[in-house]
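Engineer:
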Amino acid sequence: MKFDDSKIYVYFSIAVLVAGILFGLPGIYSKMVTEPAIEKLLTQDADSQKLKQAYIMLRNPHIFAGYDRFDEAGAGIEYILKEFDNRVAEQKEFTSNDILYLELLLQRRQQGSDLSIKTMIYFLLLSVLGLIGLFIEKKTSKNLK
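The numbers in the sequence shown follow the numbering used here, run straight up by one, and end at 145.
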């Protein structure tokens, strides 16, 4: 007795494809829109207002670029966030010395965007594997009939 698994392959491929797209969209948007805007704010004549605006944009990263996922390389980020949050809340000035820290936050965001896009690619490959399984299932079910 042979079971027809073609529906399982179809649903698996669709679900994984949708998940991959949903995981990849924040990273793609960040790479194409948000990160270039932040880089522009950091490289232009860096006055306090532009640096503050860049920090506000960096403060709310997408799901894969969250600053709550610390490792050794990002151990000092928590202190930077607290310091800059206080500056924003108290309307204090940002200085050109802060560009280094803002670039570090931008780098972490870029790494998160890369992770998001790589996760999307992984899920798309899983979807392709599901379609290959569907093709094999259809071919073997024809041979058995």
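Glycine included, C-beta positions come from ideal geometry on N, C-alpha and C.
For residue 122 and residue 90, I'd like the C-alpha separation in whole angstroms.
Structural biologist: Within the sequence shown, numbered from 1, the residue matching residue 122 stands at position 122. Within the sequence shown, numbered from 1, the residue matching residue 90 stands at position 90. Distance between the alpha carbons of residue 122 and residue 90: 44 Å.
Engineer: I need the DSSP call for residue 111, collapsed to helix, strand or coil.
Structural biologist: To locate residue 111, count along the sequence shown from 1; it is residue 111. Helix, per DSSP.
Engineer: Taking Cβ positions, are residue 104 and residue 42 nearer each other than 9 Å?
Structural biologist: Counting from one through the sequence shown, the residue named residue 104 turns up at place 104. Counting from one through the sequence shown, the residue named residue 42 turns up at place 42. No; because the gap between Cβ atoms is not below 9 Å, this pair is not in contact.
Engineer: Is residue 36 helix, strand or coil by DSSP?
Structural biologist: Mapped onto the sequence shown, residue 36 falls at position 36. Correct three-state label for residue 36: helix.
Engineer: Thinking C-alpha only, which one of 134, 110 and 129 is nearest residue 62?
Structural biologist: Your numbering for residue 62 matches position 62 in the sequence shown. The shortest C-alpha separation from residue 62 is found at 110.
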